[in-house]
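Engineer:
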Amino acid sequence: MHIRYPIRAAAKLTGLSVDTLRAWERRYKAVTPVRSERGRLYGDAEIRRLLLLRSAVEAGFAIGQVASLSDQELEALERAAGAAAKKSGAVEGDEESVPEILRPLLDAVRVYDYASASGELERLAVLLTPRDFVYTVILPTLRLVGEGWEKGIFQVAQEHLLSACVRNLLGSLVRLHRTANGAPRILFATPAGELHEFGILAAAVLAVSQQVEVTYLGPNLPADEILSAAALSSSRVAA
């Protein structure tokens, strides 16, 4: 029996947004889902291809460069990227440069311990000022794990686990912060095609710590939507 997934299920399975799936299909013909009365339906082959395309994009390729490649070519590209990454460094040398404050968090990420990683992030968020938390914990940890992936030290799944922990915590810090009535407002979003949101999330945390009201829209939005939201929300700045 062949299972077919609606677009929202496909988005969850691949880690891509619904808008990204539609854009990749419409602009680049990257996949060809079946159409039904319920909308687009994706089979296992389409899910696998989308995961390969996501891997290529995360390795630095533009979607326009790889959308026309066959599945076999995408698999070869993924293998080549992994082999090249493993040659670029060794675990021992990198371990020496890891700040002591980050070791418990990185150890939890290594063993896929989501609860411990989240707990360590929460502990550090309480201990440190928002600025110190962002600049001595969040940004360095994301950089270390990203570089570790390039060197074959961390797996993609470990990087995704850390990303989920960071996204959830930073989102909570922004969501739970209360500002005074009449505080200036900043809208945070990234333009269409830009899937990385940690820069704007970190900036939003710093903004609320300075008693600035935040409207957070997340990544991958068309420019006209961002401008419209900024106007309707009375935001002084769109970042």
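Residue numbers (numbering that gives the first Met the number 0): 0 to 238. Note that the Cβ used here is the ideal one computed from N, Cα and C, for glycine as well. This one's a predicted model, so the numbers in the text were calculated from it and none came from an experiment.
Can you pull the DSSP bridge partners for F187?
Structural biologist: DSSP, once it has assigned bridges, lists Y215 as partnering F187.
Engineer: Secondary structure at L76, three-state DSSP: helix, strand or coil?
Structural biologist: The answer is helix: DSSP assigns L76 an H, G or I state.
Engineer: If the criterion is Cβ atoms closer than 9 Å, does the pair L73 and A55 meet it?
Structural biologist: In this structure, A55 lies closer than 9 Å to L73 by Cβ.
Engineer: Over what stretch of residues does the beta strand (DSSP E) that includes L40 continue unbroken?
Structural biologist: Element bounds for L40: 38 to 41.
Engineer: What is the rounded straight-line gap between the Cα of K150 and the Cα of L143?
Structural biologist: Spanning the two alpha carbons is a distance of roughly 10 Å.
Engineer: Run the CB neighbour count on L231, radius 10 Å, all protein chains shown included, and call it buried at 16 or more, exposed below.
Structural biologist: L231 comes out exposed.
Engineer: Using DSSP bridges, identify the partner residues of R34.
Structural biologist: BP columns for R34 point to R39.
Engineer: What would DSSP say about P98, mapped onto helix, strand or coil?
Structural biologist: P98: coil per DSSP, three-state reduction.
Engineer: Excluding the 5 residues preceding and the 5 following A66 in the sequence, name in chain order all residues of the same chain whose CB lies nearer than 8 Å to its CB.
Structural biologist: Within the same chain, A66 has close Cβ partners W23, Y27, K28, A29, L52.
Engineer: Using a Cβ-Cβ cut-off of 9 Å, state whether E149 counts as contacting chain C.
Structural biologist: Absent from the structure is chain C; it holds one protein chain and no more.
Engineer: Should the region 182 to 192 be regarded as contacting the region 201 to 213, the criterion being three or more beta carbon pairs within less than 8 Å?
Structural biologist: At 8 Å Cβ cutoff, the stretches touch.
Engineer: Would you call the CB atoms of A222 and L168 closer than 9 Å?
Structural biologist: Cβ atoms of A222 and L168: not closer than 9 Å.
Engineer: From the DSSP output, in three-state form, read off P5 for me.
Structural biologist: Here P5 sits in strand by DSSP.
Engineer: If we ignore side chains and look at the alpha-carbon of each, how far apart do S115 and P103 end up?
Structural biologist: So the two alpha carbons sit approximately 9 Å from each other.
Engineer: Go ahead and label V108 buried or exposed: buried means 16 or more other beta carbons lie within 10 angstroms of its beta carbon, across all protein chains shown.
Structural biologist: Buried is the call here.
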